[in-house]
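A.B. asks: Each residue of the sequence shown is one higher than the one before, counting from 759 in our numbering.
Ideal Cβ positions, reconstructed from N, Cα and C, are used throughout, including at glycine.
One structure follows; several queries about it will come next.
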Amino acid sequence: MPRHLDNPEVCFVCCQTATGLGVEKGRSVGWLCQECADGHYGSRAIAMRASAFDEIQTRAISAAGAAGGAYLDRIGETDLAKLDPLNWEQFLQVVFEAYPAAIRAEIDEAVPRTPNEEDGEGEG
């Protein structure tokens, strides 16, 4: 999956709404949401090889899918076609909320924050 650089509306790390903060790589900018900027996820993600970031994205997508599956197990329905509109909306919300947390956790595991990042201000 490609990194979503140079799109000022979308956080290139977690795909949430960007807030006007970003990190540069060459002539490209990786725009960030506030949470990714505060956690220094942008500088850590943009420094990765594209293939390493792709692997992290794939694992985060799988984790979000697992969260969606757990929701379906909780409500006792695994056939998506049988979900009523409310359960469908809740299923999507679970998946879409799980992805940002999962990709941040994957980045934390792959590239831990430095002590300066732990104590300092965010990026941008």
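Would A868 and A818 qualify as a contact pair, given that the criterion is a beta-carbon distance under 8 Å?
C.D. replies: For the purposes of this step, residue 868 is identified with residue 110 of the sequence shown, where counting begins at 1. For the purposes of this step, residue 818 is identified with residue 60 of the sequence shown, where counting begins at 1. Contact flag unset, no.
A.B. asks: The beta strand (DSSP E) spanning V781 covers which residue range?
C.D. replies: Your numbering for residue 781 matches position 23 in the sequence shown. From DSSP, the beta strand (DSSP E) with V781 extends over L779 to K783.
A.B. asks: With DSSP as the reference, please indicate the residues paired to L790 in a beta bridge.
C.D. replies: Here residue 790 corresponds to residue number 32 of the sequence shown, with the count starting at 1. Paired residue(s): L779.
A.B. asks: Would you kindly check if the distance between the Cβ of E855 and the Cβ of I814 is under 8 Å?
C.D. replies: What you label residue 814 is simply residue 56 of the sequence shown in a count that begins at 1. What you label residue 855 is simply residue 97 of the sequence shown in a count that begins at 1. Contact: no.
A.B. asks: Which of the three DSSP states is assigned to V869 in this structure?
C.D. replies: By 1-based counting over the sequence shown, the position of residue 869 is 111. Note: V869 maps to coil in three-state DSSP.
A.B. asks: Of the choices R871, P858 and C794, whose alpha-carbon is the least far from that of T816?
C.D. replies: By 1-based counting over the sequence shown, the position of residue 816 is 58. The residue with the shortest Cα to Cα distance from T816 is P858.
A.B. asks: Please state the DSSP three-state secondary structure of V768.
C.D. replies: Along the sequence shown, read from residue 1 onward, the residue named residue 768 stands at position 10. In the structure shown, V768 sits in a strand (DSSP, three-state: E or B).
A.B. asks: Would DSSP call D837 helix, strand or coil?
C.D. replies: Counting from 1 along the sequence shown, the entry for residue 837 is found at position 79. The answer is coil: DSSP assigns D837 none of H, G, I, E or B.
A.B. asks: Locate the alpha helix (DSSP H) running through A805, then write down its first and last residues.
C.D. replies: The count along the sequence shown starts at 1 and reaches residue 805 at position 47. Note, A805: premise wrong, no alpha helix (DSSP H); not H, not E.
A.B. asks: Confirm, please, whether the CB-CB distance from V853 to G823 is below 8 Å.
C.D. replies: Your numbering for residue 823 matches position 65 in the sequence shown. Your numbering for residue 853 matches position 95 in the sequence shown. Yes, the Cβ-Cβ distance between G823 and V853 is below 8 Å.
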